[in-house]
Amino acid sequence: MTIADAPFDDPTDNADLVIRTSDNVDFYVLSALLSLKSPSSFFRHVLKNSQHTEEKDGFPVLEVMEDSGTFRTILLLCYPDDAPQIKSVEQIGAVKTALDKYCMDHAQERFMQMVTASSLMKEHALRIFVLALARGWRVLGEIAAKSTFTNPLDEPEAELEELGCINALQYVQLRNYRRECRRVIRDMLNAAPWLEDKASQLLFPYELSGLFKKMCRWCGAGSGEWIEPVFYTHPWFKDYLKTVKAEMLLRPCTATALDDLIIANAVTKSISECSSEEWKKIALSQVRLCGKFLMEEIDRQISQVPLNIDWTK
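Numbering-wise (numbering that gives the first Met the number 0), the sequence shown opens with residue 0 and increments by one.
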């Protein structure tokens with residue numbers, strides 16, 4: 000038998016259970032953490048019923064079918080001060096399968112948050128989508144489907160071996176979902192009604208000055224672009240929307256609205272059109288705030304597009 004690496008190698012560190020994996024690695028753990036916030040946890044019930052046949056260092060030994068790499072990840076998800084590294088799509092599959100098997104709700108929630116924010120989700124979204132679809136994991140699959148937007152819609156697609164795990168209809172349904180999201184974004188960016196209830200927080204729309212006359216509050220300019228149905232602004236704002244729209248028709252990725260280069264170009268153009276020193280001081284924060292509102296609205300709109308696909312494995 001091999002003893003696991005820290006923090007699971009010390010029988011004197013509040014341990015009350017030994018987990019033995021399929022490759023004969025022993026983990027000293029605090030059993031209460033395995034069922035934390037998980038009422039139906041397998042470990043809560045198996046330990047209550049004393050279903051073990053061996054002891055080590057005075058602690059019950061519980062054998063599991065998973066290997067040490069998979070179970071180490073699971074245990075780190077249970078320990079509040081530790082965070083496992085998610086390094087491969089295969090690891091995602093193995094860990095999620097085990098979390099489902101053992102009904103570890105709290106660890107599952109933390110795992111999903113980590114996978115969603117991981118670089119794997121950005122770089123291998125289609126592989127994760129196929130994995131989720133093949134195993135009936137709807138929540139993970141829908142997150143992965145949205146993450147496939149980081150890849151251009153019209154570029155040649157990779158011939159992934161995993162695609163053999165789903166059928167042609169399911170793949171067509173994914174592509175139709177991506178096209179519908181693109182259509183929703185295109186229609187949304189043709190006007191800006193989504194900014195109507197945010198206008199009070201933005202300081203670049205023109206103000207009413209005199210009878211029906213709109214002027215920039217910073218430089219006094221009177222001519223500008225009408226952004227239907229909300230307000231007049233300097234031309235830079237409409238150009239910003241056009242740039243975001245062009246990029247998002249290729250990649251319907253919400254983060255495009257806050258892309259550093261797009262924001263920088265918008266700030267530079269806004270300063271060239273509004274010479275006020277006061278505007279220069281707040282231009283970056285205002286453009287980023289507008290980008291944040293846009294990103295939130297895009298995400299809201301895309302979230303309403305159904306992914307019509309059969310998740311039954």
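Yeah, the Cβ is synthetic: ideal placement off N, Cα and C, and Gly gets one too. Owing to the predicted nature of the structure, the values given are computational and were not obtained by experimental measurement.
Apart from the five residues just before and just after S275, which ones in its own chain have a Cβ nearer than 7 angstroms to its Cβ?
As a position in the sequence shown, residue 275 is number 276, starting the count at 1. Excluding residues within five positions, the ones whose Cβ falls inside 7 angstroms are W217 and C218.
Please determine, among T96, Y101, G92 and P79, the residue with the shortest C-alpha to C-alpha distance to P38.
Within the sequence shown, numbered from 1, the residue matching residue 38 stands at position 39. Among T96, Y101, G92 and P79, the Cα nearest to that of P38 is on Y101.
Please classify G135: is it buried, with 16 or more other beta-carbons within 10 angstroms of its beta-carbon, or exposed?
Taking the first residue of the sequence shown as 1, we reach residue 135 at position 136. With fewer than 16 other Cβ atoms within 10 Å, it is exposed.
If you run the structure through DSSP and keep just helix, strand and coil, what is M111?
As a working mapping, residue 111 is identified with position 112 in the sequence shown. Helix at M111.
In this structure, does DSSP put W217 in helix, strand or coil?
Within the sequence shown, the letter at position 218 stands for residue 217. Under the three-state reduction of DSSP, W217 is assigned to coil, being neither helix nor strand.
Residues bridged to I226 (per DSSP):
Walking along the sequence shown from the start, residue 226 turns up at place 227. The partner list for I226 (beta bridge, DSSP) reads F230.
For P59, which residues does DSSP report across the bridge?
The residue labelled residue 59 in the question sits at position 60 within the sequence shown. In DSSP, P59 forms a bridge with E54.
Starting from the C-beta of Q329, find all residues in its chain whose C-beta is less than 7 angstroms away, skip the five residues before and the five after it, and write them out in chain order.
Residue 329 lies beyond the residue range present for the chain, which begins at 0 and ends at 312; the question has no answer from this structure.
Start and end residues, alpha helix (DSSP H) containing R134
On the sequence shown, position 135 is the one that residue 134 refers to. Counting along the chain, the alpha helix (DSSP H) containing R134 begins and ends at A124 to R134.
Is the distance from the Cβ of I73 to the Cβ of T115 below 8 angstroms?
For the purposes of this step, residue 73 is taken as the residue at position 74 of the sequence shown. For the purposes of this step, residue 115 is taken as the residue at position 116 of the sequence shown. The answer is no: Cβ separation not under 8 angstroms.
Would you call M0 buried or exposed, if buried means 16 or more other Cβ atoms sit within 10 Å of its Cβ?
Taking the sequence shown and counting its residues from 1, the one referred to as residue 0 is at position 1. M0 should be labelled exposed.
C-alpha distance - G290 paired with Y176, whole-angstrom precision:
For this step, residue 290 is matched to residue 291 along the sequence shown. For this step, residue 176 is matched to residue 177 along the sequence shown. So the two alpha carbons sit approximately 24 angstroms from each other.
Reference L61; option with closest CA among Y78, M187, F41 and L98
Within the sequence shown, the letter at position 62 stands for residue 61. The option with the nearest alpha carbon to L61 is F41.
May I have the straight-line CA-CA distance separating C225 from S118, to the nearest angstrom?
Numbered from its first residue, the sequence shown carries residue 225 at position 226. Numbered from its first residue, the sequence shown carries residue 118 at position 119. Residue 225 is actually Trp in this sequence, not Cys. Distance from the CA of W225 to the CA of S118, rounded to the nearest whole angstrom, comes to 40 angstroms.
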